[in-house]
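Asks: Here the numbering used here runs 296 ahead of the position in the sequence shown, where the first position is 1.
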Amino acid sequence: MRIISAIIFNSPILWAPAGLILGLILGVTAESLGILTLGMVLHLIYMWRKGAPRQGFEGWLFASGPVFLASWIVGFMLRGIYIVT
297 MRIISAIIFN SPILWAPAGL ILGLILGVTA ESLGILTLGM VLHLIYMWRK
347 GAPRQGFEGW LFASGPVFLA SWIVGFMLRG IYIVT
């Protein structure tokens, strides 16, 4: 069970909706950028704490940060197109 929860937590599939929701709700605001910065810093600390990469999982672990950032960008673009205008 612990391995399954680690795979789910390290998965970019979990972090993509979080970034998208953040971008849709807050857009590009000081609060959104603060949460995004905190998330990226915590992601770097988490990767540092995980230690040496293991075969098969290091790609997913690294990809979760950039996927979070990219989905936030898509979220605030959709907000600008569909919600604000």
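Built from N, CA and C at the ideal position, the CB exists for glycine as well.
By the DSSP assignment, the alpha helix (DSSP H) with residue 333 in it spans what residues?
Replies: 326–346
Asks: Is the beta carbon of residue 315 less than 8 Å from the beta carbon of residue 367?
Replies: yes
Asks: Using 8 Å as the threshold, is the C-beta distance between residue 339 and residue 360 below it?
Replies: Yes, Cβ-Cβ distance for residue 339 and residue 360 is below 8 Å.
Asks: Counting Cβ pairs, one atom from each stretch, are 3 or more of them under 8 Å apart for the region 317–335 and the region 367–380?
Replies: yes
Asks: Start and end of the alpha helix (DSSP H) containing residue 370?
Replies: DSSP places residue 370 inside the alpha helix (DSSP H), whose first and last residues are 354–374.
Asks: Write down the C-beta distance between residue 319 and residue 379 rounded to the nearest angstrom, noting that I regard them as a contact closer than 8 Å.
Replies: About 11 Å separates the two Cβ atoms, so there is no contact after all.
Asks: Per DSSP, what kind of secondary structure is residue 307 in: helix, strand or coil?
Replies: coil
Asks: Could you tell me the alpha carbon to alpha carbon distance between residue 299 and residue 329, rounded to whole angstroms?
Replies: 32 Å
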